[in-house]
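In the working numbering, the protein residues as written are 756 to 1006. Everything on this sheet refers to the single structure shown next.
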Amino acid sequence: MHLQKKNIGARTLVDKLIASEMKRMPKPRDPSTLFPDIELFKDNELIQQELERVRKGKPMENALDMTRYQLEPPTSQPSSNASDGASVESTITPSASEELPEGRATWIKALENADAQMEHQNQRILNLELVQKFGGNAWNVHNYQLEYDLSLLRKAVDEKKAEVIELNKLRKRDQVRRNTHWETRTRKESRSITHQRSTNYGERDRSNRLDNAKEKRNKCITKPACFLAQQLIFSSMWPSPCKDWRLNGQK
756 MHLQKKNIGA RTLVDKLIAS EMKRMPKPRD PSTLFPDIEL FKDNELIQQE
806 LERVRKGKPM ENALDMTRYQ LEPPTSQPSS NASDGASVES TITPSASEEL
856 PEGRATWIKA LENADAQMEH QNQRILNLEL VQKFGGNAWN VHNYQLEYDL
906 SLLRKAVDEK KAEVIELNKL RKRDQVRRNT HWETRTRKES RSITHQRSTN
956 YGERDRSNRL DNAKEKRNKC ITKPACFLAQ QLIFSSMWPS PCKDWRLNGQ
1006 K
């Protein structure tokens, strides 16, 4: 019960110290004022429009044109059929392109698209051949470089760990030295205080005995026997250099 009351008192004292320290500290700033508002891509109108579209959840209006990745024959414009009213899309043959100028133009455009895709495919094949021929060595060199970087990082980590261990050793050595110094000083001071206390007690006892002796001497100073006894008491405390103190006392 006593320990609980003591702990409660200590906690109250600590809380008061913390509260007083918090009063002296500057008030924290509002987090909203720590960093200024940054508007991303404010100089790029296209990116701003795209971000606004994504923010509103609208679909992309101009999607990517995938026709350049397709290889389809050209077709004529859809024509309406008078019988059923449905639109019909027919494929233009090369022979018909000689008679129809718009058919010739669509075939030329289709051929250019085919040539472009063929060139892309040739480029991909060339890249695959280069990777097949030199990719293995390049990958091995890359792995060796990664292993070398990893060894450098591990070495740096080991050096830092060694520095931390050495620092902890120095701190422990310094703390043990200071603790030993303070323990030695505390023991010395304790012995000095104990010796001083014992000396004070001895002086106090001696002073009390002197006071008692003086009182007895004052009471029986007129009586020769008592005066002689008093002289004996004082002589036992402070031996007189005079050898014939008794004779002097009688005189």
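The C-beta atom is built at its ideal place from N, Cα and C for all residues, glycine as well. Every value quoted in this text rests on a predicted model; they were computed, and no experiment measured them.
Which residues in the same chain as N955 place their Cβ atom closer than 8 Å to its Cβ, once the five residues preceding and following it in sequence are excluded? none
In three-state terms, what does DSSP make of A891? Strictly speaking, residue 891 in this sequence is Gly, with Ala absent from that position. Helix, per DSSP.
Work out the CA separation of L806 and A851 for me, nearest whole Å. Only weak support is given to the placement of A851: the predicted model assigns it a pLDDT of 46, under 50, and the value that follows is read from those uncertain coordinates. Whole-angstrom Cα-Cα distance: 48 Å.
The stretch 856–873 touching the stretch 817–832, judged by at least three CB pairs closer than 8 Å: yes
Could you compute how far the alpha carbon of K782 sits from the alpha carbon of E776? 12 Å
Suppose contacts are defined by Cβ-Cβ distances below 9 Å. Is A871 in contact with R808 by that definition? no
Rounded C-alpha distance that separates W937 from L925: 18 Å
If we ignore side chains and look at the alpha-carbon of each, how far apart do P814 and E794 end up? 23 Å
Please state whether the Cβ-Cβ distance between K797 and Q803 is less than 9 Å. yes
According to DSSP, is Q825 helix, strand or coil? coil
Please report the straight-line C-alpha distance between G891 and R784, rounded to a whole angstrom. 57 Å
So, with DSSP's three-state summary, where would you put I793? coil
According to DSSP, is L908 helix, strand or coil? helix
Taking the alpha-carbon positions, what's the E816 to Y903 distance? 49 Å
For M873, the three-state DSSP class (helix, strand or coil): helix
Less than 7 Å between C-beta atoms, sequence neighbours within five positions excluded: which residues of the same chain meet that for D792? none
In angstroms with no decimal places, state the Cα-to-Cα distance between Q887 and K811. 47 Å
Can you find the residues in the same chain that come closer than 6 Å, C-beta to C-beta, to R766, ignoring five residues on each side of it along the sequence? none
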